[in-house]
Amino acid sequence: MLLSVRVLLSISLLERGSGFLQSVHKVDSISLRGVNQVRRSRDLVEVRLGVELLGEVPRDVACSIGAAGGAAMWLKIWTTLASNGVINSRLSRKIIHCGSAPLFLFVWPFYSDAPSARLIAAIVPLLNLGRLLAAGVNANAKGPQELVTAVSRSGDPKEVLKGPLIYCIVLVFATLLWRNSTAAVVAISQMAVGDGVADIVGRRFGQSAKWPNSEKSYAGSLAFVFGASIATFVLLRWFEFMACLAPLPFDTVTLFARIFLISIVCALVELIPGLDDNISVPFVGAFLGTYVIK
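Per mature numbering (1 follows the signal peptide of the UniProt record, and there is no 0): the sequence shown = residues -19 to -1, 1 to 275.
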């Protein structure tokens, strides 16, 4: 009798042990299936991400084609007017100077978030840089001669290899900094709009009141400050609205005041003799944009 009880207890314990082992096996199986599902999900996400990135390249190329076409159209309008004598070459040059870069920056938010986007975008100013090089070297052809007439002071082909060429080089570097950089926005706005508006207004209204030992006028400097400030403010708010920039920690008045201060400094830098303002102004603007607007 005692032996039978022991046998029954042993059998019961074995059955319970077997059930426990089966439960452990089931848990392990479920865990393994869960791990495999996670791995498959991760692989699927990686595949989808790869497909999206491949889809972003055509989008960025399309943006660059559109931007290049718009730049060519913008340039063609003013080169045609200058060639036909409707406006003088100096005015056309400054209008192109004021508008080309800011209009290009306006397109930046439409590019994708792919790492290659900035490189594809940089093709646009590189194409313009190539056109300027071609115009400076071979101005006998009709197309390059129109370009030289529109963007140079004197019509000398070699002149486009100075200021206009530097302008394009600065724009290339700003594009590589890209749209999440306040430095890029400030640098281009100060160089393009500030300097361009200063020359237009200064020659129209500032002939009788100039800074000591300088060809720059009070009216031109004032126009620089206001023009550059407005352009910088609009572009920064545009990039914020399009989620290219993180929200700036300033209210409207404070932000504009900081931009206004930057524009004053850049306008003073433009007055320094011996410096190329296409280099000095964007450099100072980028530096201040990094530390004053953040």
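For every residue, glycine included, the Cβ atom is placed at its ideal position computed from N, Cα and C.
Hey, out of L152, F220, Y199 and S210, whose CA is closest to S81's CA?
-> L152
- Distance between D41 and A102 (C-alpha atoms, nearest Å): 7 Å
Going by Cα to Cα distance, which pick from R74, I243, R239 and V262 is closest to residue 295? Because the chain here runs from -19 to 275, residue 295 falls outside it and cannot be looked at.
**Q.** For I198, three-class secondary structure by DSSP
**A.** Here residue 198 turns out to be Ser, not Ile, going by the sequence shown. Correct three-state label for S198: strand.
(Q) Just to confirm my understanding: we take L128, look at its own chain, exclude 5 residues before and 5 after, and list those with CB closer than 8 Å. What are they? (A) L56, T60, R112, L113, A116 and V141
**Asked** From which residue to which residue does the alpha helix (DSSP H) around Y92 run?
**Response** Counting along the chain, Y92 falls outside any alpha helix (DSSP H), and DSSP gives it neither H nor E.
Q. Is there contact between the stretch 231 to 250 and the stretch 195 to 214, where contact requires at least three CB pairs shorter than 8 Å?
A. yes
(message) Between which residues of its own chain and R29 is the CB-CB distance below 8 Å, once the five residues before and five after are set aside?
(response) For R29, the pLDDT reaches just 41, beneath the cut-off of 50, and the residue's location in the model is therefore unreliable, leaving the point undetermined.
- Just reading off the alpha helix (DSSP H) that N259 is part of, what are its end residues? D258 to V273
With a cut-off of 8 Å, do at least 3 Cβ pairs link the stretch 159 to 176 to the stretch 190 to 198?
no
Nearest to D180 (by Cα), restricted to the options A155, T156, G208 and V166
G208
Assign G255 to buried or exposed, taking buried as 16 or more other Cβ atoms, counted over all protein chains shown, within 10 Å of its Cβ. exposed
Exercise for review: On the DSSP bridge assignment, give the partners of K191 in chain order.
Suggested key: S198
message: Alpha carbons only, please: which of G270, A155 and G66 is nearest the one belonging to V167?
response: G270
- Query: Relative to the C-alpha of K75, which residue among C225, P230, M223 and A173 is closest?
  - Reply: A173
| In whole angstroms, what is the alpha-carbon distance linking D227 and V273? | First, the residue type needs correcting, since residue 227 is Ala and not Asp in the sequence shown. Computed Cα separation, rounded: 15 Å.
TODO: Would you mind sorting P145 into buried or exposed? The rule is 16 or more other CB atoms within 10 Å of its CB.
DONE: buried
message = Using a 10 Å radius around the Cβ and a threshold of 16 neighbouring Cβ atoms, would you call N109 buried or exposed?
response = buried
Notebook entry, point to check: Out of N259, V118 and G187, which has the shortest C-alpha to C-alpha gap to K139?
Noted result: V118
Inset, instruction - Assign D257 to buried or exposed, taking buried as 16 or more other Cβ atoms, counted over all protein chains shown, within 10 Å of its Cβ. - result: exposed
### Query
How big is the Cα-Cα spacing for V265 and I68?
32 Å
Q) Would you call T233 buried or exposed, if buried means 16 or more other Cβ atoms sit within 10 Å of its Cβ? A) exposed
In the DSSP assignment, find the unbroken alpha helix (DSSP H) run with F154 in it and report its ends.
G144 to L158
Going by C-alpha to C-alpha distance, which of C225, F231, M223 and W219 sits closest to P83? W219
Exercise for review: Look at the Cβ atom of V105, then the Cβ atom of A43, and state whether they are nearer than 8 Å.
Suggested key: no
Worksheet item: How big is the Cα-Cα spacing for A63 and G183?
Response: 20 Å
For Y148, I'd like the list of residues in its chain whose CB is within less than 6 Å of its CB, leaving aside the five on either flank, ordered along the chain. N259
How would you label Q188, buried or exposed, when you count the other beta carbons within 10 angstroms and need 16 or more for buried? exposed
- Once you ignore the five residues that flank G36 on each side, which residues in its own chain have a CB closer than 7 Å to its CB? none
> Grouping DSSP H, G and I as helix and E and B as strand, with all else coil, what is V8?
Replying inline: The predicted position of V8 is uncertain, since its pLDDT is 43 and thus under 50; no value can be drawn from it.
Q) In chain order, what residues of the same chain lie with their CB nearer than 8 Å to the CB of A190, ignoring the 5 residues before and after it? A) S198, Y199 and A200
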